[in-house]
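Here is the structure we will look at.
Residue numbers (the numbering used here), protein chains in the order written: chain A, 1 to 324; chain B, 1 to 506.
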């Protein structure tokens, strides 16, 4: 059931204690956390840097404005409403279109119709802090609804697949694609049962997947092979995540990106405490890569060079097929 | 860099804590284990006499050096007598004096001692005794005996043993018979032996004492022979020649001086009574410390009022619970809700006892959780929602108590001891995790919390540990040092060894 610690160390696996003590506490000062915990601020920082993010239609930050949301989306048929400080995908409302009969009836991604008043009520809940972890008053973001690229259509069950890149001191270190499943209720969250698939850093091609700490080859719902998918605009994705470090100053960062069918990769959010399952998805230890980045670290390198180095340094060792 | 500070701090804390601990343990004799009771003997000597017409002065020889025993306290009870302690030629003397007294008088001197094999109250090396003046025909007899014994012995010890053998021979030689003709009792017998030894230039003296055992109403002092071999004092049984001191032999006085002298009184009677008590070793250590004037005792928890002591008895175990928690979470890697929730639950288990504690806790959380899910539909805001959960928890506790009382199960009443705020927070956290990460994670973390609470309860309930921490609160510094070190433990957690197993099988 257990392996020896030395075996993990040889495999370069990063443990939780080491991640917390040596990387998060060292490279992520707490005062910078709002930059990633508040999605409105993250978006603002990313926009200032000229990075691609889902377009923001409006922010509602007090109860009185909740009724105005109708004007904000007057020109839009699809949009997403999310709490700025939510976590785990809670409180997110995805509107995919309007009723053909009445313009103030909205169709959710699940197909249910919902009235404008109900949405206003949901927004008012968000603003009052219903979904914020700390329970403090929050803001509701209304933004562009991503139409995700068909590359992952075969390996997703509803929901939006996203790409998680771990960026260490500005260098992309490891990446995975998170694919929603029926068990995860369409959320791209590994804790809830989404499949994570490792990514070859040099080519942007997916490797095997991980489901609940176990390695899997196929998507549990669609049965399609998880590996061998080529992620479009991989270079751009790596560059964007490398820039995520520039705008947040966080030295140990998880950057979550989605690929829009029309607009290409966009930064969805960032995370100051990214999980460690990515190692299982990639069948590779993070510690090894972090050690390598420490060796080649160059404070003056710009994001393009850092992304290029990541591609050069961290190719997948082989197309893995694990034998037990 | 940080590591260096951490190690430095941890080392400092550990050394500080351990050194105070060792000092109190080794030097001040605080007991390591609980209920370590030490037998305390109280020896009471009562002196009664008829007072004469004039002033009265009473001198009683009392214990000075007592190998194997340590004095706890001593006192005297007398009516109207002035009391003082002096050093005389034979050791310590208690002296009572009064200008005038009428009728029969009784004076008490009481001493309490306890066994302490560690006390080596070494006596000074005596000078060689001057050759005693012995009148004929005894002189010749002694000379013959000494020459004879010298012939058959090698050193002081064997000389004494051989001498005692000859003196105790059932068919004694005429010289011995002559010497012993005027030894009326054991003390005089031993006294005559010391005279013979003095002639052989061997320092020797009589020791009088008591073999302490249980309760003795009329204890008679027993004479023993003490011989100095140039290095240390040795004890001989004057009747058998065996070199030993009986177990629990309390030396009362040495030499051949009379035990008691009363000036101005008559018809003097001295009797001894021995009483064995059991005293908590902590009490003894404290009395000892107070006598020595060490200041460590001022900070001892035993100086607090009893009720406060009871509170601290529990409070001091919380760090142990926290230590267990740190270990289970950071070294083992068990998921649990909240940082200290399990420790507080473990505290509640102390009152409810484990079995019922676990059952009541699970029941309460399960009920609260289902009601929390009902509340979820109302979409309440955070603070009102938490308050609602809290109120529900209080109502549930009340109901459980009432129900179990009706059913005649009094254990159910102890549910009131659960920290309700903690339970409300647990329910809230659990439902949030349930929503965010699914039922499996919530159940796992819930069970993890329960597991940590049980482990903390077991560790916090160890009586010896509780005693140890309570008697040596400085050990908390060591606990702190361990926790600080664990804070810099960056190795793998035990459960990660299984979680990342797949990565090593290549």
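Cβ coordinates follow ideal geometry from the N, Cα and C atoms, glycine included.
All of these numbers come straight from a predicted model, not from anything done at the bench.
- By the Cβ test, the region 52-63 of chain B is in contact with the region 259-274 of chain B, since at least three Cβ pairs between them sit closer than 8 Å.
- Under the 10 Å beta carbon count, residue 208 of chain B is surrounded by 16 or more other beta carbons and is classified as buried.
- DSSP lists A/107 as the beta-bridge partner residues of residue 113 of chain A.
- Taking CB atoms only, residue 123 of chain A has no neighbour in chain B less than 9 Å away.
- Taking 3 residues as the minimum length, the beta strand (DSSP E) runs contained wholly in the region 44-122 of chain B are 56-61, 69-77, 82-88, 91-98 and 104-115, in order along the chain.
- When B/389, B/167, B/145 and B/313 are compared, the shortest CA-CA separation from residue 239 of chain B is found for B/167.
- Remark: C-beta atoms of residue 280 of chain A and residue 213 of chain A approach each other more closely than 9 Å.
- Counting C-beta pairs closer than 8 Å gives fewer than three between the region 362-369 of chain B and the region 463-479 of chain B, which falls short of the contact rule.
- Uninterrupted alpha helix (DSSP H) stretches at least 4 residues long and entirely within the region 228-263 of chain A occur at 234-248, given in chain order.
- Judged by DSSP secondary structure, residue 185 of chain B falls outside any beta strand (DSSP E); it is assigned neither H nor E.
- When A/286, A/310 and A/285 are compared, the shortest CA-CA separation from residue 297 of chain A is found for A/310.
- Taking CB atoms only, residue 499 of chain B has a neighbour in chain A less than 9 Å away.
- Residue 166 of chain A has its alpha-carbon roughly 15 Å from the corresponding atom of residue 315 of chain A.
- Residue pairing by DSSP puts residue 208 of chain B in a beta bridge opposite B/223 and B/253.
- DSSP, reduced to helix, strand and coil, places residue 347 of chain B within a helical segment of the structure shown.
- Residue contact check for residue 215 of chain A against chain B: a CB pair falls below 9 Å.
- Bridge pairing for residue 132 of chain A: absent [DSSP].
- At a C-beta separation below 9 Å, residue 490 of chain B has these neighbours in chain A: 15, 17, 18, 19, 20, 21 and 22.
- About 43 Å separates the beta carbon of residue 150 of chain B from that of residue 95 of chain B, a gap too long to meet the 8 Å contact definition.
- No Cβ-Cβ contact shorter than 9 Å links residue 94 of chain A with residue 268 of chain A.
- Judged by DSSP in its simplified three-state form, residue 175 of chain A adopts strand.
- Going by beta carbons, residue 236 of chain B and residue 164 of chain B fall inside the 9 Å limit.
- Taking 9 Å as the cut-off, the beta carbon of residue 125 of chain A is found no closer than this to the beta carbon of residue 70 of chain A.
- With respect to the 9 Å criterion, residue 98 of chain B and residue 74 of chain B are not classified as neighbours on the basis of their beta carbons.
- Within the region 146-161 of chain A, not one residue has a Cβ closer than 9 Å to any Cβ of chain B.
- Residue burial annotation: residue 464 of chain B is exposed, with fewer than 16 other C-beta atoms found within 10 angstroms of its C-beta.
- With contacts defined by Cβ atoms closer than 9 Å, residue 323 of chain B and residue 483 of chain B form a contacting pair.
- In the same chain as residue 225 of chain A, and ignoring 5 residues on each side of it, the C-beta atoms closer than 7 Å to its own belong to 217 and 218, in chain order.
- Contacts between residue 7 of chain A and chain B, judged by CB atoms closer than 7 Å, involve 504 in chain order.
- The beta-carbon separation of residue 66 of chain A and residue 123 of chain A, rounded to 5 Å, stays under the 8 Å limit for a contact.
- Note that the C-beta distance between residue 127 of chain B and residue 48 of chain B is not below 9 Å.
- Your pair residue 16 of chain A and residue 493 of chain B checks out as a contact, with CB atoms roughly 6 Å apart and the cut at 8 Å.
- Among the residues of chain B, those whose CB is under 7 Å from the CB of residue 1 of chain A are 498, following chain order.
- Sequence-ordered contacts of the region 172-196 of chain A with chain B read 183, 184, 185, 189, 191, 192 and 193 [C-beta pairs closer than 9 Å].
- Within the same chain, and ignoring the five residues on either side of residue 287 of chain A in sequence, the residues whose Cβ sits closer than 7 Å to its Cβ are 12, 13 and 14.
- No Cβ-Cβ contact shorter than 9 Å links residue 73 of chain A with residue 260 of chain A.
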